[in-house]
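Colleague: Residue numbers (the numbering used here): 946 to 1643. Built from N, CA and C at the ideal position, the CB exists for glycine as well. Remember, predicted model here, so these are calculated numbers, not experimental data.
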Ligand code: IVH
């Protein structure tokens, strides 16, 4: 993303707003993928970089901070569906240490804090940091009454029924001496063995793939049907507690041992220590055992042992001062680049992917890794600086590369092992034509920076099947037209069968019912054959299944019809114009009210592309990047045709503002002062102007 490189200081206010909105959309989407669907789409490092940029923009332009700012939001907030549970004591996160020095610093901070207590001996515990999901289990009089996820730390989800299915979680505490009320906390995780077994079962059923044990454990806990959770054989280690009507013991170590007496599993690798050296020694020991534990751990947690001292040392925002997570370095593995493929995205970006000899990195088999863009393959960033090592080192087919997975799911290449480069390996030549449609693929000049965009893009637009199919997928997606039952899979099917080429075709699909039926039947046949081949079993009752699915066809057609009058903002977003995310689409809808007006202004602006500001009104939240994208879109005749055809089928609802004709302000000049809550100034102005000549806005 070229705009990620631009210096924040150089932004005008409207540009900053457009950039903030763009980042908001990207980050929001990434959050949802990660936390709601447990299917991360972005590497942690990239996410962090975008988030930092977002925050820097907010700091540079405080007045642009959105009411729904992502900065205040703790990702992982509860999703709809489960009842919410407010934790009696918040579930905290841990400060992190990456080096031995960080650990020494932690101990030193403790020593200074308790300085006046001359003879004080601070003791610590050290135990593995399990890479799963924390859960809080509330016991009243020894009986499990409620179990919840961490959520945002303050409010989680009530998943009692699911947690009860975990064999390591007692429904009734054993032994005696437990506090009347206690929230026992620990980590739910899935062992490698269970993960592999689940993957094997899923493969045999032709079901989706599972990414890694942690995300699978998360998905398993979020099941509506507890029987599904039960079938997943999750595990639980107890290591902490929240509210307790009395201390379980005077020290951390003894408290956790008590948990074992009460029927919990606790980590056999927990020890007590009294110096940084001992803690680090235990860290090294656990590190050597890491690969044979049978489950994922990502570090070692150190905690002050005496509860009295924990209480005195206290907390900083969201973290105890008295504990730290000493993380393991990212796992790496070497493998060979077997090939480089180019994928073409919705807006035509040519995205290179390295096909690797499969290699296991941190419990996940990696076969592909993104190569980002042409410059990345050449080994230089947008400023011309080397990105791997001291000098630019390119990536070639045949190269041995070191792959890393750092706490996240998306792997990356850290370096090329030049000593192993085969003598016949040649520099990769990035294609200058689209591999799908053969149109020229070019790198645009960024008008603001004068620099070339790092991405090469296919200029074929809708004649490019790859772009057409991605646009269709986007068109029907959730935030866009949201057509139920018409997901990416069906779009692919209908596109490849020649039944849907552009969005308008979706709405005439039911005129081609026999062909649609045939395409669906053929896919089902193919899938059934595959399953048969995989399981060795023969099918029964195929007819019945088919009949059921053709009933589904009426539902699909009904769902399509139900979307013939979409909200204007959804419709604009669905068009898939570059740089127009959900937020910008909403601004356009509010500003121009009807699709006809959007098109009129768009075309007129395109006709005056040399001086767009003479035509396009100044609207907060619409910067030059967006205006340029509108010019590209509306200046393209092919898009015209597609849009015309679509508008014979679909009638977006005008965005209405209601103002009573008898309103006191009728006929007066309106002046907006101060800050407006729901609208930007520009939008409010445009709205007022639409209300008639008697309305003048300043
Ligand atoms: S103690 C007040 N101990 O790490 C301290 N956390 O980064 C609360 N975790 O949300 C946490 N293993 O999910 C603690 N042995 C362990 C842990 C552990 C894994 C997770 C836990 C927490 C996160 C904090």
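Does the distance from the C-beta atom of residue 1255 to that of residue 1070 stay below 8 Å?
Modeller: Position 310 of the chain shown, counting from 1, holds the residue named residue 1255. Position 125 of the chain shown, counting from 1, holds the residue named residue 1070. Result no, Cβ atoms of residue 1255 and residue 1070 do not sit closer than 8 Å.
Colleague: Tell me whether residue 1111 sits in a helix, a strand or coil according to DSSP, three-state version.
Modeller: The residue you call residue 1111 lines up with position 166 of the chain shown. Looking at residue 1111 - three-state DSSP - the assignment turns out to be coil, as it is neither helix nor strand.
Colleague: If you draw a straight line from the alpha carbon of residue 1372 to that of residue 1449, how long is it in whole angstroms?
Modeller: Stepping through the chain shown from its first residue, residue 1372 is reached at position 427. Stepping through the chain shown from its first residue, residue 1449 is reached at position 504. Their Cα atoms are separated by approximately 43 Å.
Colleague: Considering residue 1540, what are the terminal residues of the alpha helix (DSSP H) in which it resides?
Modeller: In the chain shown, the residue the question calls residue 1540 occupies position 595. Per DSSP, residue 1540 belongs to the alpha helix (DSSP H) from 1540 to 1552.
Colleague: Quick check on residue 1320: does DSSP put it in helix, strand or coil?
Modeller: As a first step, residue 1320 is located in the chain shown; it is residue number 375 there, counting from the start. Residue 1320: helix per DSSP, three-state reduction.
Colleague: Whose CA, out of 1390, 1095, 1140, 1200, lies closest to the CA of residue 1573?
Modeller: Position 628 of the chain shown, counted from the start, is the residue given in the question as residue 1573. The option with the nearest alpha carbon to residue 1573 is 1390.
Colleague: How many angstroms separate the CA atom of residue 1026 from the CA atom of residue 974?
Modeller: Your numbering for residue 1026 matches position 81 in the chain shown. Your numbering for residue 974 matches position 29 in the chain shown. Each residue's Cα considered, the two are about 19 Å apart.
Colleague: Near residue 1108, which residues of its chain fall below 7 Å by C-beta distance, leaving aside the five closest residues on each side in sequence?
Modeller: On the chain shown, residue 1108 is found 163 positions in, with the first residue counted as 1. For residue 1108, where only same-chain residues beyond five positions count, the Cβ hits under 7 Å are 1080, 1082, 1092, 1114.
Colleague: Which full runs of the beta strand (DSSP E) of 3+ residues lie inside the segment 1225 to 1296, going along the chain?
Modeller: 1242 to 1249, 1268 to 1272, 1276 to 1289
Colleague: Would you say the beta carbon of residue 1268 is closer than 7 Å to some non-hydrogen atom of ligand 1?
Modeller: Residue numbering aside, residue 1268 sits at position 323 when the chain shown is read from its first letter. True, at least one ligand heavy atom lies under 7 Å from that Cβ.
Colleague: Which first and last residues belong to the alpha helix (DSSP H) in which residue 1130 is found?
Modeller: One-based indexing of the chain shown puts residue 1130 at position 185. Element bounds for residue 1130: not the alpha helix (DSSP H) but the beta strand (DSSP E), 1126 to 1134.
Colleague: May I ask you to list the residues that DSSP assigns as paired with residue 1084?
Modeller: Against the chain shown, residue 1084 aligns to sequence position 139. As computed with DSSP, residue 1084 is found in a beta bridge with 1089, 1127.
Colleague: Would you mind listing the beta strand (DSSP E) stretches within the segment 1359 to 1402 that are 3+ residues and don't spill past its ends, in chain order?
Modeller: Runs of the beta strand (DSSP E) inside the segment 1359 to 1402: 1386 to 1390.
Colleague: What separation, rounded to the nearest whole angstrom, lies between the Cα atoms of residue 1187 and residue 1299?
Modeller: Locating residue 1187 in the chain shown gives position 242, where the first residue counts as 1. Locating residue 1299 in the chain shown gives position 354, where the first residue counts as 1. About 46 Å.
Colleague: Can you tell me whether residue 1184 sits near ligand 1, meaning its C-beta is under 7 Å from at least one heavy atom of the ligand?
Modeller: Your numbering for residue 1184 matches position 239 in the chain shown. Yes - ligand 1 has a heavy atom lying nearer than 7 Å to the Cβ of residue 1184.
Colleague: For residue 1079, verify whether its CB is less than 7 Å away from any heavy atom of ligand 1.
Modeller: Within the chain shown, numbered from 1, the residue matching residue 1079 stands at position 134. Yes, the beta carbon of residue 1079 sits closer than 7 Å to at least one heavy atom of ligand 1.
Colleague: Would the beta-carbon of residue 1246 be found less than 7 Å away from any heavy atom of ligand 1?
Modeller: As a first step, residue 1246 must be located in the chain shown, where it is residue number 301. For residue 1246, the shortest separation between its Cβ and any heavy atom of ligand 1 lies below 7 Å.
Colleague: May I ask you to list the residues that DSSP assigns as paired with residue 1218?
Modeller: Here residue 1218 corresponds to residue number 273 of the chain shown, with the count starting at 1. Bridge partners of residue 1218: 1069.
Colleague: Does the Cβ of residue 1488 have 16 or more other Cβ atoms within 10 Å, making it buried, or fewer, making it exposed?
Modeller: Translated into positions along the chain shown, residue 1488 becomes position 543. Bear in mind that the predicted position of residue 1488 carries a pLDDT of just 49, short of 50, making it unreliable; the figure below should be weighed with that in mind. Under this definition residue 1488 is an exposed residue.
Colleague: Between residue 1439 and residue 1461, what straight-line distance do the alpha-carbon atoms span, to the nearest angstrom?
Modeller: Residue numbering aside, residue 1439 sits at position 494 when the chain shown is read from its first letter. Residue numbering aside, residue 1461 sits at position 516 when the chain shown is read from its first letter. Going by the C-alpha atoms only, they are around 7 Å apart.
Colleague: Excluding five sequence neighbours on each side, which residues of the same chain lie with their C-beta closer than 6 Å to the C-beta of residue 1098?
Modeller: Along the chain shown, read from residue 1 onward, the residue named residue 1098 stands at position 153. 1035, 1036, listed in sequence order.
Colleague: Go ahead and label residue 1251 buried or exposed: buried means 16 or more other beta carbons lie within 10 angstroms of its beta carbon, across all protein chains shown.
Modeller: Position 306 of the chain shown, counted from the first residue, corresponds to residue 1251. Classification of residue 1251: buried, given that the 10 Å Cβ count is 16 or more.
Colleague: Ligand 1 and residue 1199: does any heavy atom of the ligand fall closer than 7 Å to the residue's C-beta?
Modeller: On the chain shown, residue 1199 is found 254 positions in, with the first residue counted as 1. Outside the cutoff, so no.
Colleague: Along the chain, where does the alpha helix (DSSP H) that runs through residue 1181 open and close?
Modeller: The residue labelled residue 1181 in the question sits at position 236 within the chain shown. Not the alpha helix (DSSP H): residue 1181 falls in the beta strand (DSSP E), residues 1180 to 1189.
Colleague: Please go through the same chain and pick out, in chain order, the residues whose beta-carbon is closer than 7 Å to the beta-carbon of residue 986, but skip the five residues on each side of it.
Modeller: In the chain shown, counting from the first residue as 1, residue 986 sits at position 41. Around residue 986: 975, 978.
Colleague: Name, in chain order, the residues that DSSP records as bridge partners for residue 1305.
Modeller: The residue you call residue 1305 lines up with position 360 of the chain shown. Residue 1305 pairs with 1310.
Colleague: Given a cut-off of 8 Å, decide if residue 1567 and residue 1543 are closer than it, judged by their beta-carbon atoms.
Modeller: As a working mapping, residue 1543 is identified with position 598 in the chain shown. As a working mapping, residue 1567 is identified with position 622 in the chain shown. In this structure, residue 1567 does not lie closer than 8 Å to residue 1543 by Cβ.
Colleague: Which one of 1385, 1052, 953, 1038 has the shortest CA to CA distance from residue 1007?
Modeller: Counted from its first residue, the chain shown places residue 1007 at position 62. Ranking 1385, 1052, 953, 1038 by Cα distance to residue 1007 puts 953 first.
Colleague: Is the segment 1509 to 1517 in contact with the segment 1544 to 1558, if contact means three or more CB pairs nearer than 8 Å?
Modeller: no
Colleague: When the Cα atoms are used, what is the spatial distance from residue 1066 to residue 1050?
Modeller: Taking the first residue of the chain shown as position 1, residue 1066 is located at position 121. Taking the first residue of the chain shown as position 1, residue 1050 is located at position 105. Going from the Cα of residue 1066 to the Cα of residue 1050 covers about 17 Å.
Colleague: Run the CB neighbour count on residue 959, radius 10 Å, all protein chains shown included, and call it buried at 16 or more, exposed below.
Modeller: Mapped onto the chain shown, residue 959 falls at position 14. Residue 959 is buried by the Cβ-count criterion.
Colleague: Is it true that the CB of residue 1526 sits closer than 8 Å to the CB of residue 967?
Modeller: Position 22 of the chain shown, counted from the start, is the residue given in the question as residue 967. Position 581 of the chain shown, counted from the start, is the residue given in the question as residue 1526. Yes. Within cutoff.
Colleague: Is there contact between the segment 1270 to 1281 and the segment 1237 to 1244, where contact requires at least three CB pairs shorter than 8 Å?
Modeller: Judged by Cβ distances under 8 Å, the segment 1270 to 1281 makes contact with the segment 1237 to 1244, as three or more pairs qualify.
Colleague: Going by the C-beta, is residue 1166 closer than 7 Å to any heavy atom of ligand 3?
Modeller: Of the ligands one can find in the structure shown, namely ligand 1, none is ligand 3.
Colleague: Give the secondary structure of residue 1098 by DSSP, where H, G and I count as helix, E and B as strand, and everything else as coil.
Modeller: Numbered from 1 along the chain shown, position 153 holds the residue referred to as residue 1098. It is coil, neither helix nor strand.
Colleague: Is the segment 1197 to 1208 touching the segment 1118 to 1126, taking contact as three or more C-beta pairs under 8 Å?
Modeller: Look at the beta carbons and you see the segment 1197 to 1208 touching the segment 1118 to 1126: at least three pairs across the two are nearer than 8 Å.
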